[in-house]
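Quick notes on the structure that follows.
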Amino acid sequence: MSAIRAHTRLCWISPALVVLSWCAPAAAESPRALVDAGNQAYSQAKYDQAIKAYEAAGGIDPESPGVYFNKGAAYYQQQEYDKAKEAFEQASVKTDDAQLEALSQYNLGNCMYRQGEAQAQGDLQAAVKTFENGVRYYQKALELDPELGDAAHNLEVTRLTMKAVMDEIKRRE
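If you count by the numbering used here, then the sequence shown holds residues 71 to 243, one letter each, in order.
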């Protein structure tokens, strides 16, 4: 069984990358500059710093789906899947861009897969339910973007993993 494929691409508010000094007060910075600073921190694996920048940008522009998407990606990298899930859900709800919604749904599926993996170490029934939710997210991602090959791959891996867990439940009975 192969591993799921994570999606770490960030949503850029602007195509230009602006490198900022962290000495400037956040209130004086634009949401775009804060997102760019967060993206820079993210690219350097400074996820706490990235999250702070995205939160500051979200404080100025709370309706920006890209801010939530990026924050979700940073939380995912920190293996904080509940927080990542919450952020990806917000990105999905706030966007009118089908591609961003598809990627948000895809990442929601990834969060569910990771949570299911952890649950499978103890509560197999809960793991199956979590994997089922992951399957739904991947299916939604594929409905929105049929060309999202990683979603198809992860959907299959999740189904196989779920079947293995269900087989283990039957074996234990």
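We put the CB at the ideal spot given by N, CA and C, even for glycine.
Simplified DSSP state of residue i, which is helix, strand or coil
i	result
residue 100	coil
residue 94	The predicted model places residue 94 with a pLDDT of 36, which falls under 50 and marks its position as unreliable; any figure quoted below should be read in that light. In the structure shown, residue 94 sits in coil (DSSP, three-state: anything other than H, G, I, E or B).
residue 216	coil
residue 78	Only weak support is given to the placement of residue 78: the predicted model assigns it a pLDDT of 47, under 50, and the question is left unresolved by the model.
residue 26	Nothing can be reported for residue 26, as the shown portion of the chain is limited to 71 through 243.
residue 171	helix
residue 132	coil
residue 159	helix
residue 116	coil
residue 148	coil
residue 238	helix
residue 106	helix
residue 233	helix
Nearest-angstrom beta carbon gap, residue j and residue i [assumed within contact, 8 Å]
i	j	result
residue 186	residue 197	5 Å
residue 190	residue 235	5 Å
residue 171	residue 162	5 Å
residue 218	residue 183	Rounded, the Cβ-Cβ distance is 15 Å, inconsistent with contact.
residue 174	residue 158	5 Å
residue 160	residue 124	The Cβ separation is near 11 Å, so there is no contact.
Cβ-heavy atom distance, residue i to the ligand SAH, below 6 Å
i	result
residue 130	Inclusion of the ligand SAH in the displayed structure is not the case, the ligand content being empty and no account of it being possible.
Does the count of Cβ pairs from the segment 194-202 and the segment 159-171 closer than 8 Å reach three?
No: fewer than three Cβ pairs fall under 8 Å.
Threshold first: 4 residues or longer. Then list the alpha helix (DSSP H) segments lying entirely within the segment 174-231, N to C.
Secondary structure within the segment 174-231: the alpha helix (DSSP H) runs of 4 or more consecutive residues, fully enclosed, are 194-214 (chain order).
Kindly confirm or deny that the segment 99-119 and the segment 141-148 touch, where touching means at least three C-beta pairs closer than 8 Å.
Judged by Cβ distances under 8 Å, the segment 99-119 makes contact with the segment 141-148, as three or more pairs qualify.
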